[in-house]
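Protein chains in written order, with numbering that gives the first Met the number 0: chain G, 0 to 361; chain F, 0 to 361. Using N, Cα and C, we set each Cβ at its ideal position, and we do this for glycine too.
Number of protein chains: 2
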Amino acid sequence: MHEDNNILSERKKLILKAIIDAHIENGEPVGSKFLMQTKQIAYSSATIRNEMAELEDMGYLEQPHTSAGRIPSEMGYRFYVNSLVDRYNLTQNEIAELKQMLKVKQVEVDTILQSAMQLASRLTNYTAMALKPRQMRILVDRYELMRLDECTLVLIMVIGQTIKTKHIRSQIPVTQEAGIRLAVVLNEKATGKTAEEFTMPLLMEMEAMMGEYEFLVAPVMKGICETITSFDGGEIRFDGINRLLSYPEYYDMERLKELLALFERKDDLLRILSEETGVNMSADEKVQIYIGRENLVKIMDNSTLIFKTIRHQGIPVGAIGIIGPTRMDYKRVIAMVDSLTKGVSNILAEGDITPGLPDGNK
Amino acid sequence: MHEDNNILSERKKLILKAIIDAHIENGEPVGSKFLMQTKQIAYSSATIRNEMAELEDMGYLEQPHTSAGRIPSEMGYRFYVNSLVDRYNLTQNEIAELKQMLKVKQVEVDTILQSAMQLASRLTNYTAMALKPRQMRILVDRYELMRLDECTLVLIMVIGQTIKTKHIRSQIPVTQEAGIRLAVVLNEKATGKTAEEFTMPLLMEMEAMMGEYEFLVAPVMKGICETITSFDGGEIRFDGINRLLSYPEYYDMERLKELLALFERKDDLLRILSEETGVNMSADEKVQIYIGRENLVKIMDNSTLIFKTIRHQGIPVGAIGIIGPTRMDYKRVIAMVDSLTKGVSNILAEGDITPGLPDGNK
DNA sequence: AATTAGCACTGTAATCATGTGAGTGCTAAT
DNA sequence: ATTAGCACTCACATGATTACAGTGCTAATT
Numbered sequence: 000m001h002e003d004n005n006i007l008s009e010r011k012k013l014i015l016k017a018i019i020d021a022h023i024e025n026g027e028p029v030g031s032k033f034l035m036q037t038k039q040i041a042y043s044s045a046t047i048r049n050e051m052a053e054l055e056d057m058g059y060l061e062q063p064h065t066s067a068g069r070i071p072s073e074m075g076y077r078f079y080v081n082s083l084v085d086r087y088n089l090t091q092n093e094i095a096e097l098k099q100m101l102k103v104k105q106v107e108v109d110t111i112l113q114s115a116m117q118l119a120s121r122l123t124n125y126t127a128m129a130l131k132p133r134q135m136r137i138l139v140d141r142y143e144l145m146r147l148d149e150c151t152l153v154l155i156m157v158i159g160q161t162i163k164t165k166h167i168r169s170q171i172p173v174t175q176e177a178g179i180r181l182a183v184v185l186n187e188k189a190t191g192k193t194a195e196e197f198t199m200p201l202l203m204e205m206e207a208m209m210g211e212y213e214f215l216v217a218p219v220m221k222g223i224c225e226t227i228t229s230f231d232g233g234e235i236r237f238d239g240i241n242r243l244l245s246y247p248e249y250y251d252m253e254r255l256k257e258l259l260a261l262f263e264r265k266d267d268l269l270r271i272l273s274e275e276t277g278v279n280m281s282a283d284e285k286v287q288i289y290i291g292r293e294n295l296v297k298i299m300d301n302s303t304l305i306f307k308t309i310r311h312q313g314i315p316v317g318a319i320g321i322i323g324p325t326r327m328d329y330k331r332v333i334a335m336v337d338s339l340t341k342g343v344s345n346i347l348a349e350g351d352i353t354p355g356l357p358d359g360n361k
Numbered sequence: 000m001h002e003d004n005n006i007l008s009e010r011k012k013l014i015l016k017a018i019i020d021a022h023i024e025n026g027e028p029v030g031s032k033f034l035m036q037t038k039q040i041a042y043s044s045a046t047i048r049n050e051m052a053e054l055e056d057m058g059y060l061e062q063p064h065t066s067a068g069r070i071p072s073e074m075g076y077r078f079y080v081n082s083l084v085d086r087y088n089l090t091q092n093e094i095a096e097l098k099q100m101l102k103v104k105q106v107e108v109d110t111i112l113q114s115a116m117q118l119a120s121r122l123t124n125y126t127a128m129a130l131k132p133r134q135m136r137i138l139v140d141r142y143e144l145m146r147l148d149e150c151t152l153v154l155i156m157v158i159g160q161t162i163k164t165k166h167i168r169s170q171i172p173v174t175q176e177a178g179i180r181l182a183v184v185l186n187e188k189a190t191g192k193t194a195e196e197f198t199m200p201l202l203m204e205m206e207a208m209m210g211e212y213e214f215l216v217a218p219v220m221k222g223i224c225e226t227i228t229s230f231d232g233g234e235i236r237f238d239g240i241n242r243l244l245s246y247p248e249y250y251d252m253e254r255l256k257e258l259l260a261l262f263e264r265k266d267d268l269l270r271i272l273s274e275e276t277g278v279n280m281s282a283d284e285k286v287q288i289y290i291g292r293e294n295l296v297k298i299m300d301n302s303t304l305i306f307k308t309i310r311h312q313g314i315p316v317g318a319i320g321i322i323g324p325t326r327m328d329y330k331r332v333i334a335m336v337d338s339l340t341k342g343v344s345n346i347l348a349e350g351d352i353t354p355g356l357p358d359g360n361k
């Protein structure tokens with residue numbers, strides 16, 4: 000009221016910050032007396048009370064009930080996070096463990112992501128999330144064919160740096176030569192195309208080129224389509240869900256159930272997350288923070304999501320995130336997510352082995 | 000006391016069964032009066048009480064506290080399950096959905112397993128588990144090499160019906176010819192061998208054979224080792240963990256936390272489970288049931304685990320299981336697991352597609 | 001001898017009354 | 001502008017009282 004509408008006086012900032020710090024520590028509403036005593040605020044409790052009342056009016060604080068202390072509102076947290084300048088620095092131990100863990104020879108992006116996620120969860124004691132983005136517009140750069148036995152060929156697709164394989168089974172025995180010819184045709188006609196560009200005319204043209212082996216074209220193209228459309232549907236994983244249960248804010252069974260259900264609806268989640276972060280992925284290398292209602296998913300609206308995408312050679316190859324109560328140790332988590340993603344990027348760059356690797360198990 | 004030690008009189012059986020049925024339905028301790036009225040037992044409550052007292056002495060029932068009804072002990076459940084003859088039959092709806100769901104073009108064992116698991120969880124409303132066994136003794140049948148660019152080769156390994164790929168990066172540019180030569184050497188020397196058989200002498204021999212390209216041998220062999228040791232480390236997945244929260248027996252936060260933690264220690268879990276079921280996998284095609292303390296993991300000792308392995312051409316390719324409170328709808332779950340695994344086996348057999356194949360026909 | 005009716009007994013859970021204490025808002029004093 | 005002081009509010013803990021479901025046992029009944 001004496002202050003400008005949006006500008007907080009230094010004293011208000013001090014008090015607000017102290018309140019949030021305190022609340023992050025113990026999770027309980029904090030009162031004026033406590034602040035004065037424990038947090039060394041050089042004013043009397045009455046003064047602090049007045050300030051608190053104003054901060055509440057301004058929307059930075061909330062009061063669970065009349066005779067309780069104040070807790071930060073989402074807006075309060077947002078202010079706090081935005082004003083975080085003195086970022087937490089990881090301890091030597093943490094750094095060491097991080098390096099150690101990530102160093103253990105791991106080459107596939109998937110695996111690295113996974114262990115980074117586990118590490119993140121362990122070190123922060125919140126739930127961690129690893130997201131592998133849905134890859135759009137898959138173009139096959141090159142095809143190879145390998146004859147596995149009489150009737151089955153293995154189609155090998157080179158997509159950027161990653162390799163996908165697919166078995167093709169034919170009723171009729173297939174010669175070595177057919178495979179070679181098919182590879183030639185594929186490389187000539189089917190490279191650099193999206194699934195939509197596989198048109199009927201193209202198919203027929205290819206069949207013509209295959210001569211007596213034309214019967215191979217249809218199943219092969221089908222296989223290709225399946226592969227490139229399902230390719231890297233994106234993945235999302237969680238680790239340390241149980242850790243959330245350490246925090247009283249997740250003690251509500253109903254809520255908890257919903258949250259768990261959410262975590263299991265990976266597809267939906269992935270879609271929502273990708274859509275939203277699709278924008279931000281291209282943004283820049285900052286750690287992103289969603290507090291409470293800012294979250295994309297309503298169920299998470301009293302949680303905070305902190306994450307950052309990982310790029311390799313400019314393209315996003317994944318993201319690591321942390322989910323926890325809005326009352327979260329922001330400094331630590333932000334620092335952690337930041338270092339972790341940087342660490343992963345480094346490893347990727349260093350080994351300079353690119354994403355993907357074998358598509359894995361069949 | 001009038002009865003033979005281990006043989007239950009018909010009346011006792013009747014009562015025990017009724018008690019368990021009732022308890023499964025509503026989860027609460029059941030009393031004598033309730034049995035008489037609701038479950039149509041043709042004796043007075045007093046008689047039933049006497050029988051119940053004896054059943055408790057014999058270990059089939061337990062009493063939470065003096066003035067409560069009885070609940071079945073693990074031994075009680077075991078008796079119940081063993082005596083289940085009239086197995087539940089799935090409803091038409093359930094069968095339909097099951098078929099529908101499994102039919103949707105899915106070819107890889109992984110994917111099928113996964114959707115079977117999800118289905119299982121949905122239909123039973125318990126937590127479902129899918130387990131892919133750790134594959135022992137991986138032998139590479141054949142190697143191919145593909146030149147991706149100047150400095151990187153892709154090593155293609157054929158292991159049975161499945162294909163694995165691995166990028167090999169060299170500092171020095173590699174010619175097409177080097178790749179071909181390497182493939183020859185590998186196929187000659189490194190097929191059908193376990194990682195332990197890759198000895199130093201063998202390595203040196205191969206290097207000799209490679210002549211000027213000997214520098215490739217070490218990294219490639221390393222790559223192979225990595226692949227075949229990490230290959231199919233086995234996997235375990237869960238679905239519908241949140242469903243457990245519907246049951247009051249999981250309302251204890253501490254316990255719940257432990258359980259969730261357990262579910263996330265997939266490696267340990269997999270090991271324990273594989274060891275134990277390794278025995279049983281070779282056993283036979285029965286649904287297996289672990290009640291309470293019988294469980295391999297102490298934390299699960301008031302839950303029941305019901306599962307069955309899935310084979311294809313004789314070898315176990317996975318398992319589907321259900322985890323729930325000991326008070327579980329055994330009939331339904333057993334039937335469900337049974338049908339589901341059978342369904343999956345059929346699909347596998349039918350396509351007769353070995354793991355990881357596109358479906359050969361339309 | 002087996003069954004049942006009847007009753008005293010027991011332990012849980014729900015309800016209510018009460019007291020306690022932390023924390024506030026406001027007014028008056030500094 | 002700050003602070004001391006005080007009345008007020010509300011959640012929470014405590015304890016007492018009651019209601020109730022279910023048992024075990026004894027005595028009556030078949």
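Between the options, which lies nearest to residue i when the distance is taken from Cα to Cα?
i: Lys-192 (chain G); options: G:Arg-264, G:Leu-152, G:Ile-137, G:Ser-82; result: G:Ile-137
i: Pro-71 (chain F); options: F:Ser-82, F:Glu-55, F:Thr-65, F:Asn-81; result: F:Glu-55
i: Tyr-142 (chain G); options: F:Arg-141, F:Arg-146, F:Asp-140; result: F:Arg-146
i: Thr-226 (chain G); options: G:Glu-195, G:Met-156, G:Ile-171, G:Leu-347; result: G:Met-156
i: Arg-310 (chain F); options: F:Asn-301, F:Asn-345, F:Tyr-329; result: F:Asn-345
i: Ala-318 (chain G); options: G:Met-327, G:Gln-160, G:Val-343; result: G:Val-343
i: Leu-144 (chain F); options: F:Gly-178, F:Pro-247, F:Tyr-289; result: F:Gly-178
i: Val-286 (chain F); options: F:Ser-338, F:Leu-258, F:Gln-312, F:Thr-65; result: F:Ser-338
Given a cut-off of 8 Å on the beta-carbon distance, is the pair residue i and residue j in contact?
i: Thr-325 (chain F); j: Thr-340 (chain F); result: no
i: Gly-239 (chain G); j: Lys-131 (chain G); result: no
i: Phe-33 (chain G); j: Ala-52 (chain G); result: no
i: Asn-241 (chain F); j: Lys-256 (chain G); result: yes
i: Arg-10 (chain F); j: Glu-50 (chain F); result: yes
i: Met-57 (chain G); j: Ile-47 (chain G); result: no
i: Gly-291 (chain F); j: Glu-73 (chain F); result: yes
i: Ala-45 (chain G); j: Met-335 (chain G); result: no
i: Ile-373 (chain G); j: Tyr-42 (chain G); result: There is no way to answer for residue 373 (chain G), as the model of chain G reaches only from 0 to 361.
i: Leu-243 (chain G); j: Met-209 (chain G); result: no
i: Phe-306 (chain F); j: Met-116 (chain F); result: no
i: Gly-75 (chain G); j: Ile-19 (chain G); result: yes
Is there a Cβ from chain F that is less than 8 Å from the Cβ of residue i?
i: Lys-256 (chain G); result: yes
i: Tyr-250 (chain G); result: yes
i: Met-145 (chain G); result: yes
i: Ala-115 (chain G); result: no
i: Gly-313 (chain G); result: no
i: Asn-360 (chain G); result: Summary for Asn-360 (chain G): the model assigns pLDDT 36, below 50, so the residue's position carries little reliability, and this model does not support an answer.
i: Thr-164 (chain G); result: yes
i: Val-153 (chain G); result: yes
i: Glu-263 (chain G); result: yes
i: Asn-241 (chain G); result: yes
When the cut-off is 8 Å and only beta carbons count, does residue i lie next to chain G?
i: Asp-3 (chain F); result: Note that Asp-3 (chain F) scores a pLDDT of 40, beneath 50, so its modelled location is shaky; the value from the coordinates is reported in the next line. No, no contact with chain G.
i: Val-343 (chain F); result: no
i: Val-157 (chain F); result: yes
i: Leu-347 (chain F); result: no
i: Asp-238 (chain F); result: yes
First and last residue of the alpha helix (DSSP H) that includes residue i?
i: Asp-109 (chain F); result: 108 to 123
i: Arg-48 (chain F); result: 44 to 57
For the beta strand (DSSP E) containing residue i, list its first residue and its last residue.
i: Tyr-79 (chain F); result: Unbroken run through Tyr-79 (chain F) is the alpha helix (DSSP H), 73 to 81; no beta strand (DSSP E).
i: Leu-147 (chain F); result: 141 to 148
i: Lys-131 (chain G); result: 126 to 131
i: Asp-20 (chain G); result: Looking at the DSSP string, Asp-20 (chain G) is not in any beta strand (DSSP E); the run it does join, the alpha helix (DSSP H), is 9 to 25.
i: Ala-236 (chain F); result: According to the sequence provided, residue 236 (chain F) is Arg. The question's Ala does not apply to it. Segment 234 to 238, the beta strand (DSSP E) holding Arg-236 (chain F).
Inset, instruction - Enumerate, from N- to C-terminal direction, the unbroken beta strand (DSSP E) stretches of 3 or more residues contained entirely within the segment 278 to 357 of chain G. - result: 287 to 290, 302 to 311, 314 to 324
Inset, instruction - Tell me the start and end of each unbroken alpha helix (DSSP H) in the segment 154 to 194 of chain F that is at least 4 residues and wholly inside, in chain order. - result: 175 to 188
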